[in-house]
Amino acid sequence: MAHTYQRILETVLERAAAPADPPWRVRTGEFWCEVTPPRCTLRDQGWKLHVSATPASARRVLERAAAVLVAHGCAFKFAAGPRITAELVAVRADRARSGKFLTAYPDDDERLRALAEELHRATLGLAGPAILSDRRYRPGSLVHYRYGCFAQPRELNEEGFYEGRLRAPDGSLVPDRRNPWFSPPPWAAPPFPPDERGAAEGQLLLGGRYAVREAIRHSNRGGVYRAQDTRAGTDVVLKEARPHVAADEQGRDARDWLRHEEAVLHRLAPRGVAPAVHGIVEAGGHLFLVEDHIDGTSLQRWAVDPARTVGDGIPAATARRLARDLTRLVHEVHAAGLVLRDLKPGNVMMTPDSRPVLVDLECTLDRDERAHPAGTRGFTDPAYLDAPVRDADDPPPAPGPHVDHYSLGATLLYAVTGINPVLAPDSPDAPRPAGDRIAALVAAAAPASPALRALAPLVLGLTAEPGRRWTTAEATAFLQDPPAAVLVTVPPTPVPVPPAAAPDGAERLTDDGLAFLADTLDPDATHLWPRPRSLPEGDPCNVQLGAAGVLAVLDRAVRSGRKELLPVLRTAADWLDRRLTGPERALPGLYFGRSGAAWALHDAARTLDDPALGDRAREFALRIPLDGKQHDICHGLAGAGLAQLHLWRATADERFAERAARCADGLPALLRTARGVDLTGPSLYGFGHGAAGHAAFLLAAGRCLRRPDLVDIAAGIGRALCGAARREADGTVRWAKGPEQADRPMNFWCNGTSGVGTFLVRLWRETGEQLFRTYAEGAALAVHHDRWRLGPGNCHGVSGNAQLLLDLAEATGEEHYRHRAADTATCLLVRAARRDGRLLVPDDTLREFHASYGVGLAGALDFLLRLRHGGPRSWMVDEEKGNG
1 MAHTYQRILE TVLERAAAPA DPPWRVRTGE FWCEVTPPRC TLRDQGWKLH VSATPASARR
61 VLERAAAVLV AHGCAFKFAA GPRITAELVA VRADRARSGK FLTAYPDDDE RLRALAEELH
121 RATLGLAGPA ILSDRRYRPG SLVHYRYGCF AQPRELNEEG FYEGRLRAPD GSLVPDRRNP
181 WFSPPPWAAP PFPPDERGAA EGQLLLGGRY AVREAIRHSN RGGVYRAQDT RAGTDVVLKE
241 ARPHVAADEQ GRDARDWLRH EEAVLHRLAP RGVAPAVHGI VEAGGHLFLV EDHIDGTSLQ
301 RWAVDPARTV GDGIPAATAR RLARDLTRLV HEVHAAGLVL RDLKPGNVMM TPDSRPVLVD
361 LECTLDRDER AHPAGTRGFT DPAYLDAPVR DADDPPPAPG PHVDHYSLGA TLLYAVTGIN
421 PVLAPDSPDA PRPAGDRIAA LVAAAAPASP ALRALAPLVL GLTAEPGRRW TTAEATAFLQ
481 DPPAAVLVTV PPTPVPVPPA AAPDGAERLT DDGLAFLADT LDPDATHLWP RPRSLPEGDP
541 CNVQLGAAGV LAVLDRAVRS GRKELLPVLR TAADWLDRRL TGPERALPGL YFGRSGAAWA
601 LHDAARTLDD PALGDRAREF ALRIPLDGKQ HDICHGLAGA GLAQLHLWRA TADERFAERA
661 ARCADGLPAL LRTARGVDLT GPSLYGFGHG AAGHAAFLLA AGRCLRRPDL VDIAAGIGRA
721 LCGAARREAD GTVRWAKGPE QADRPMNFWC NGTSGVGTFL VRLWRETGEQ LFRTYAEGAA
781 LAVHHDRWRL GPGNCHGVSG NAQLLLDLAE ATGEEHYRHR AADTATCLLV RAARRDGRLL
841 VPDDTLREFH ASYGVGLAGA LDFLLRLRHG GPRSWMVDEE KGNG
């Protein structure tokens with residue numbers, strides 16, 4: 001199957017070729033197979049054609065479309081294989097690129113019109129979804145059109161990611177935005193008459209009675225809408241299934257699964273575990289399942305609602321009541337002869353009286369059915385989800401109830417602790433049982449969670465290996481009040497997790513992680529280390545996702561005594577030195593721009609004792625533009641200013657002091673109001689993107705440049721941030737992302753609590769004002785409480801948050817902060833996977849392993865190295881210690 005598409009293409013090319021014809025160029029990559037005629041030069045932009053397909057129709061679509069395009073000598077590309085085709089129509093596919101099986105690049109609009117008609121006729125009657133970013137050529141056609149870039153875009157946008165740019169008639173460049181709706185630039189004349197735009201969309205009254213009020217969420221499968229039944233006067237939920245989405249090789253798609261879900265709800269609703277169903281209505285080929293609207297919120301949000309949680313989670317009594325209710329729901333499903341396969345917090349609605357109701361039951365199967373494995377990573381038993389597929393045309397039987405028992409245990413673990421139970425994959429040759437890894441999580445997290453301690457035997461029993469896994473009957477017996485212990489076999493206590501500070505804890509994570517960095521750099525590649533696949537491509541030189549952040553960690557490691565990494569540091573520094581002089585746009589920010597790259601390269605030059613390299617790093621830093629539209633630490637002037645301050649202190653070159661002052665004076669005037677500080681201007685509170693980061697730079701600049709006016713402004717921002725905080729009864733202090741999200745606290749470095757605390761501890765050290773210490777310590781307490789709820793990363797995870805604990809240990813001299821940082825390191829230890837004999841911390845998705853500082857391994861290593869060896873915090877200008 002892997003090369004089926006390529007064989008079809010070879011046949012088409014062979015049939016069309018004359019003996020003297022030069023060959024077409026064919027290049028097969030990970031996602032696309034690109035096909036280019038001889039002597040072809042693509043135009044920069046214009047109207048292009050997309051042809052959609054499903055896994056079942058793709059081979060015929062390719063055979064017919066390729067014949068048309070080859071005959072016209074038109075360049076095109078198509079999905080590299082059946083797996084990519086399936087991903088393009090999957091329920092969770094990116095809506096803006098969904099269905100784009102084949103793309104054609106006509107030489108001009110006249111050729112485009114001819115090709116559209118021929119491709120339409122050639123593929124008429126075959127299956128394929130509507131492409132949301134495009135307009136259909138004709139009603140029901142697989143052929144769509146869109147205006148956009150033809151060549152691979154290489155222009156960095158203001159956010160630091162590569163983005164296509166279109167040239168407007170006046171010569172200006174505008175983004176080529178790939179929206180999940182048809183949105184050509186206003187100056188692009190349509191290539192077809194406006195009446196040939198396909199089927200009408202946007203119908204608001206469905207089935208003659210359901211008036212759509214609002215969209216609850218959107219996915220590639222279709223929207224979920226809140227509507228009113230105009231006949232009954234009641235609220236209902238409409239769940240949409242778009243034609244040919246989630247299609248398989250047998251031709252079934254999301255509409256079939258929606259009809260299946262209707263049948264499931266008819267069986268379960270009378271048992272009181274799921275919403276009542278009112279049937280299915282059709283509009284324009286789309287199906288809509290109509291069901292009762294369940295007032296409430298998802299268990300995913302309910303479990304982390306600050307109004308409900310106390311300290312490290314929900315109370316133990318609440319946890320036991322929830323466990324009893326969920327166990328009853330699962331038992332009722334099994335009693336109806338069904339198995340859920342996809343029980344998870346997002347598929348459980350909690351009513352205002354905290355009663356759970358099951359929703360989104362499209363994965364549910366009758367025990368006698370056959371279907372390929374389905375579910376959600378982390379909540380569905382990995383042994384079932386990852387079972388090898390022997391025959392794509394012969395699905396295996398439905399799994400037994402034990403799969404739902406695992407999901408019940410994983411869901412309860414999340415509900416009482418906020419722990420995401422996704423397990424980063426071990427190497428295929430030596431995977432650990434999922435139950436053992438869940439047990440390690442429970443053993444590490446239970447001491448701080450009364451609710452988890454109360455439910456630990458239940459969670460361990462439900463997630464144990466199938467031969468020892470508890471049933472709902474055993475779970476029910478355990479949850480009786482008082483517990484009927486004689487009916488329950490409690491699983492053995494898991495082996496205690498070693499302290500992260502022990503030699504086999506953080507030290508191994510550090511050594512193995514650094515060895516991974518040394519083994520995976522490729523000086524000949526576009527990106528020195530492989531970039532994260534879950535994010536758009538960004539600047540290969542920057543701190544957040546590129547080489548600079550990893551270089552800084554290698555530099556810290558060498559300065560901490562790991563001299564064996566000197567050759568790796570040398571290689572990385574030379575690569576960055578070469579790339580900094582390339583043609584890419586230099587953005588000013590510290591993390592997403594080039595300021596951090598200049599900083600890292602200059603520090604590495606000192607470690608390598610290479611004055612010439614240091615000179616080049618300084619010269620580059622002096623050329624970084626300071627006139628960008630962004631003002632924050634990550635992307636803009638505040639980040640650029642910190643780098644200029646650092647280089648001034650390292651070199652005593654007054655040009656850097658002058659440029660740092662320019663950055664400070666260029667920040668928005670609203671941060672320097674005479675009557676206080678208006679925090680609605682920056683709109684965000686955190687360090688990476690908001691007011692705390694602005695103020696941290698102004699504080700550092702005021703101290704270093706002897707500008708008390710800047711320190712006063714920073715203090716004003718600090719007081720305003722303290723006024724915007726939420727103080728809890730347990731002593732924690734929390735901030736939202738910004739004033740518009742005041743009811744939803746966030747605890748990241750880039751946004752929310754951790755980042756604000758990072759600024760306030762420095763403001764306290766500078767001013768001595770006790771208010772700032774109090775709030776910084778409250779933020780640190782929140783960081784420690786939330787350590788199990790976050791991923792491993794620096795930007796959005798525990799590695800970045802734990803740096804605040806080390807900041808306070810240094811600022812206050814109180815060792816309990818360092819002990820709490822070591823507690824946080826334990827989160828990394830039990831999250832780590834065994835990969836080729838190494839213990840590696842995954843990225844924030846808990847699925848990938850890559851070097852990136854902001855979301856990957858390097859940020860975790862930076863924290864672990866500081867925890868082990870001490871030293872200042874990276875990317876900060878603190879008193880006279882600098883970054884080292």
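Under full-length UniProt numbering, the residues of the sequence shown are numbered 1 to 884, in order. We put the CB at the ideal spot given by N, CA and C, even for glycine. Since the model is a prediction, treat every value here as computed from it, not as a measurement.
Legend entry - Same chain, Cβ closer than 7 Å to G738, five either side skipped, listed in chain order: S683, L684, Y685 and G690
Inset, instruction - With a 10 Å radius around its C-beta and 16 neighbouring C-beta atoms as the bar for buried, classify P842 as buried or exposed. - result: buried
Inset, instruction - In the DSSP assignment, find the unbroken alpha helix (DSSP H) run with T758 in it and report its ends. - result: T753 to T767
Inset, instruction - Compare the C-alpha of R370 against each of D360, R341, P792 and Y853 and name the closest. - result: R341
Inset, instruction - Express the C-alpha separation of F620 and H611 in angstroms, rounding to a whole number. - result: Contrary to the premise, residue 611 reads as Pro rather than His in this sequence. Computed Cα separation, rounded: 14 Å.
Inset, instruction - Please confirm if the stretch 392–407 is in contact with the stretch 443–457, defined as three or more CB-CB distances below 8 Å between the two stretches. - result: no
Legend entry - Per-residue DSSP class, three states only, for G676: Its pLDDT being 47, under 50, G676 is placed unreliably in this model, and the value from its coordinates should be taken loosely. Looking at G676 - three-state DSSP - the assignment turns out to be strand.
Inset, instruction - Check each candidate in C74, R255 and L268 and name the one with the smallest Cα separation from A283. - result: R255
Legend entry - Cβ-Cβ separation, A802 to A821 (assumed contact under 8 Å), whole Å: 5 Å
Inset, instruction - State the Cα-Cα distance for the pair G800 and P872, rounded to the nearest angstrom. - result: 14 Å
Inset, instruction - Answer yes or no: do W257 and E332 have a C-beta to C-beta separation smaller than 7 Å? - result: no
Legend entry - Pair within 7 Å by beta-carbon distance, P275 and E261: no
Legend entry - the stretch 31–38 contacting the stretch 130–150, beta-carbon criterion three pairs below 8 Å: no
Inset, instruction - Pull up the DSSP beta-bridge partners for F161, would you. - result: G538
Legend entry - Residue environment, A552, which counts as buried when at least 16 other CB atoms sit within 10 Å: buried
Legend entry - Expected contact under 8 Å - CB spacing of L699 and L763 to nearest Å: 6 Å
Inset, instruction - Measure the C-alpha to C-alpha separation of E728 and G467 and round it to an integer number of angstroms. - result: 44 Å
Legend entry - Residues of its chain near G752, where Cβ-Cβ distance is below 8 Å and the 5 sequence neighbours each way are ignored: Y685, G686, R734, W735, A736, K737, P745 and M746
Legend entry - Beta carbon of L238 nearer than 7 Å to that of A227: yes
Legend entry - Neighbour-count burial assignment, A661, 16 or more Cβ in a 10 Å radius: buried
Inset, instruction - Assuming L637 contacts G628 (C-beta within less than 8 Å), just tell me the rounded distance between them. - result: 7 Å
Legend entry - Length-filtered (4 minimum) alpha helix (DSSP H) runs lying within the stretch 642–668: 654–666
Legend entry - 6 Å CB neighbourhood of H869 in its chain, flanking five on each side removed: S560
Inset, instruction - Grab me the residues of I438's own chain with a C-beta within less than 6 Å of its C-beta, minus the 5 sequence neighbours each way, in chain order. - result: T463
Legend entry - Three-state secondary structure (DSSP) of L49: strand
Legend entry - Inter-residue spacing [alpha-carbon to alpha-carbon] between D429 and L9: 36 Å
Inset, instruction - Buried or exposed for S141, please, with buried defined as at least 16 other CB atoms from any protein chain shown within 10 angstroms of its CB. - result: buried
Inset, instruction - Would you mind working out which of G346, D368 and L514 sits nearest residue 896, comparing C-alpha positions? - result: Past the edges of the chain, shown from 1 to 884, lies residue 896, and the structure says nothing about it.
Legend entry - Close Cβ partners of N179 (< 7 Å) along its chain, the five nearest in sequence each way excluded: A96 and S133
Legend entry - Strand pairing of S219, partner residues [DSSP]: G222
Legend entry - Pairwise C-alpha distance: D21 and T845: 49 Å
Inset, instruction - Output yes or no for whether 7 Å exceeds the beta carbon distance between G378 and V339. - result: no
Legend entry - Anticipated Cβ contact below 8 Å, A557 with L545, distance rounded: Incorrect: roughly 20 Å between the Cβ atoms, too far for contact.
Inset, instruction - Could you name the residues of the same chain whose beta carbon sits closer than 6 Å to that of G549, not counting the 5 residues immediately before and after it, in chain order? - result: V543, Y853 and A858
Inset, instruction - Grab the span of the alpha helix (DSSP H) containing E282 for me, first residue to last. - result: Taken as a continuous stretch (DSSP letters only), E282 belongs to no alpha helix (DSSP H), being part of the beta strand (DSSP E) at V277 to A283.
Legend entry - Inter-residue CB distance, A336 and L268 (contact presumed, cutoff 8 Å): 6 Å
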